[in-house]
Structures are given as C-alpha cells and as structure tokens.
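So the structure is just underneath, and the comments pick up after that.
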Amino acid sequence: MAFTAKDVQALREKTGVGMMDCKKALVEAEGDMDKAVDILREKGLASAAKKSSRIAAEGVVAAYSDGKSGALVEINCETDFVAKGEPFTNLAKKVVKTVVEKAPADVDDLLKTPISDGEGTVEEAVQEVFLALRENMKVRRFERAEGHVATYIHAGGTVGVMVKFDVDDATAAKPEFDAMGKNVAMQVAAMNPSYLDEASVPAEVLEKEKMILVAQMKEDPKMANKPEAVLHKIVEGKIGKYYKENCLLCQEFVRSDLFEGSVKGYVDSVAKALGADIKVTGFVRFEKGEGIEKKTEDFAAEIASMIK
C-alpha cells in the first residue's frame with residue numbers, strides 16, 4: 017500500500033513522533049496507518065504524544081561561536097532536573113554548534129539538518145534524548161549572526177546573550193577585546209535593554225512615551241497650568257532618562273570598578289586603548305521560558321472535583 021507526504025504528516029500529528037520515524041514506520045507498515053501507529057508504540061516512540069500536552073517551560077539557553085559567526089539556541093524541557101542533566105545540556109551544545117556550522121533558515125529547517133558532533137538529524141537527536149529521559153522537549157528558537165560576536169550564559173543557561181561587533185580580525189583576537197565583549201554581554205544579561213541606541217527606538221514608541229510623560233505632568237498640580245509648549249520642552253529633557261534606562265549604549269555601565277560612564281563610553285575607552293575602531297552593532301537576549309505560559313497545578317481543587 018502506497019503512502020504520501022500527507023500521510024507522514026498525519027501520522028506525525030497523530031503520534032507526536034518525528035517525521036523520519038513516521039516515514040520509516042509507514043514503510044514498514046506498507047502504508048497502513050493503524051499498523052504504523054502500533055509500530056511506533058512498540059518502539060516506545062508514540063508515547064511522546066501522551067507527553068506533548070505537558071508544557072515544556074524549563075530548559076537551557078546555549079551559545080557557541082567559532083570566531084566567524086555565533087549563535088544562541090533555546091531548548092525547552094519539562095523539569096529543571098532534566099535541564100541540568102548531562103544528556104540534555106550536551107544536546108543543547110550540539111544543536112547550537114549545528115546552527116553556527118550549518119546556518120539553517122529556521123527551526124523547521126534546523127530539525128531536518130544533520131547534527132554536529134553526532135549522527136542523524138537534529139530532530140532525531142532530540143527524539144533520542146526524549147527516549148532516554150521521557151520528557152517532552154522542544155527546540156524553541158535560535159539566533160545566528162555572522163562576524164565577530166561575544167556570548168555570555170548566565171546561571172547555567174537561564175539567560176543567554178550574544179552581542180554583535182563591527183571590528184577588525186586582529187583586534188577581535190586580542191584578550192582585551194574578548195574581556196570587553198563579555199562585559200558588554202553581561203550588561204545585557206543584567207539590565208535587559210530593549211534597544212541598542214537612541215536611533216533604534218521606534219518613532220511610535222518614543223511618541224507614546226512622550227504622551228505618557230505629558231499626561232503625568234498634567235496630573236501634577238505644580239505642572240498642570242504650564243503651557244503645552246513648556247510641558248513638551250520638559251518632556252524632551254525627560255526622554256534622556258528613558259534612553260539611559262532602555263538603550264544599551266546609553267545605559268550606565270554596571271561594572272563601575274572598570275569604568276564609570278555609559279556602555280558606549282566603556283567600549284570607546286577599550287577601542288582607544290587598543291588603537292582600534294570598535295562598534296556594537298546589535299545584541300540578542302534569550303531568557304529561558306520567557307513568554308511560555310506555565311501550567312499551575314491546583315491538586316486540592318482537582319481532588320475535590322473528583323469526589324463530588
């Protein structure tokens with residue numbers, strides 16, 4: 017009995033098993049869908065479907081750079097215990113290295129890509145770790161950047177940062193640049209800026225912030241009677257504070273033991289000391305599980321509903 021790509025997709029949706037395993041099962045079952053499901057169950061693969069409803073909000077953020085490009089990857093699982101285990105952390109290291117070396121277009125493309133330092137595809141490697149640990153897990157997202165980057169992983173993968181630089185190869189190879197890059201990445205991890213610099217703030221965001229500031233001043237009895245033009249002039253002055261709080265290069269550098277001033281001032285001071293031109297061109301910050309709605313269990317309510 018022949019089968020099509022749609023059959024493979026249908027089996028995947030039915031069982032939660034990877035595409036290649038579904039295809040192999042359909043080949044073995046000669047296209048019989050029910051028999052293919054049984055084959056996957058016999059191999060212990062289809063049990064993943066039972067776990068797929070569980071929310072995978074734990075996990076790690078991993079980073080890797082080969083000097084020519086770098087990447088961050090977030091892989092999620094169900095429990096912190098599994099996230100800290102060697103099989104899961106090793107998987108994350110291999111996946112992020114794959115992103116750097118193979119440059120996949122997106123997560124779906126990444127899952128089909130042969131994994132670095134291993135056998136089979138990324139999807140198959142994830143499936144293998146699932147079979148060993150029996151927890152729902154998912155490659156959630158990645159970011160890859162060409163050129164010189166600095167990376168930093170905080171608290172064993174809770175937060176990961178990648179900072180992109182425009183700098184020549186000789187300067188990038190110096191330990192002083194390496195230390196500076198890590199310090200800037202740590203700044204991003206600690207202070208979580210929204211934008212790179214003043215020019216990066218969208219006009220609509222800035223306009224909304226100005227409107228909020230004007231409204232706040234109108235609520236202040238000391239400011240309420242001032243002319244609109246005066247209020248807007250004061251607002252322009254207050255916007256500077258917004259930049260300092262939300263733009264990386266405008267923020268106060270947290271390592272005041274190394275430099276007192278803005279992050280841009282710190283980078284410029286290192287560039288001057290090295291006799292080079294260094295520019296921060298962007299950054300990415302992943303926080304494990306951000307945006308994932310975690311399920312809260314109310315066992316008392318669940319038991320009460322069962323005995324009614």
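In this note's numbering, the protein residues as written are 17 to 324.
Just so it is clear, CB atoms sit at the ideal spot from N, CA and C, and this is done for glycine as well.
Query                                                                                                                                      : Result
Of all the options ALA79, MET202 and ALA148, which has the alpha carbon lying nearest to the alpha carbon of GLU102?                       : ALA148
Could you please give the first and the last residue of the uninterrupted alpha helix (DSSP H) stretch that includes MET35?                : 35-44
Does the distance from the CB of ILE169 to the CB of GLY176 come in under 9 Å?                                                             : yes
What is the residue span of the alpha helix (DSSP H) that TYR259 lies within?                                                              : 244-262
What distance in whole Å lies between the Cβ atoms of PHE181 and THR297, which are believed to be in contact at a cut-off of 8 Å?          : 6 Å
In the DSSP output, which residue or residues are listed as bridge partners for TYR168?                                                    : VAL177
So, does the stretch 277-296 touch the stretch 234-241, judging by three or more C-beta pairs under 8 Å?                                   : no
Go ahead and pull the three-state DSSP assignment for ILE294.                                                                              : coil
Find the nearest neighbour of ALA186 within the set ALA292, PHE269, MET17 and ALA201, judged by alpha-carbon distance.                     : ALA292
Where do the ends of the alpha helix (DSSP H) carrying ILE91 lie?                                                                          : Segment 85-93 is the beta strand (DSSP E) holding ILE91; no alpha helix (DSSP H) there.
Is ARG28 helix, strand or coil by DSSP?                                                                                                    : helix
Nearest CA to the CA of ARG150: which residue from ARG157, VAL142 and LYS118?                                                              : VAL142
Between GLU192 and MET178, how many whole angstroms is the CB-CB distance? I'm expecting something under 8 Å.                              : Not a contact, Cβ separation roughly 20 Å.
Rounded to the nearest angstrom, what separates THR174 and PRO209 at their Cα positions?                                                   : 17 Å
Taking DSSP as the reference, what is the three-state secondary structure of LYS66?                                                        : Confidence in LYS66 is poor, its pLDDT being 48 and thus under 50, which makes the residue's placement unreliable; the coordinate value appears in the next sentence. Note: LYS66 maps to helix in three-state DSSP.
In three-state terms, what does DSSP make of THR137?                                                                                       : strand
Can you give the Cα-Cα distance for VAL230 and LYS128, rounded to whole angstroms?                                                         : 52 Å
Can you say whether ILE294 is buried or exposed, counting buried as having 16 or more other CB atoms within 10 angstroms of its CB?        : buried
Helix, strand or coil for SER272 per DSSP?                                                                                                 : coil
Rounded to whole angstroms, what's the CA-CA distance from ARG157 to LYS304? Just pull it up for me.                                       : 11 Å
Check whether the Cβ of ARG157 sits closer than 8 Å to any heavy atom of the ligand FAD, and report yes or no.                             : The ligand content of the structure shown is nil, which means the ligand FAD is not present either.
Between GLU139 and the rest of its own chain, which residues show a CB-CB distance below 8 Å, the 5 nearest in sequence each way excluded? : GLY34, MET35, MET36, LEU127 and LYS128
Could you check what DSSP says for GLU306 in three-state terms: helix, strand or coil?                                                     : coil
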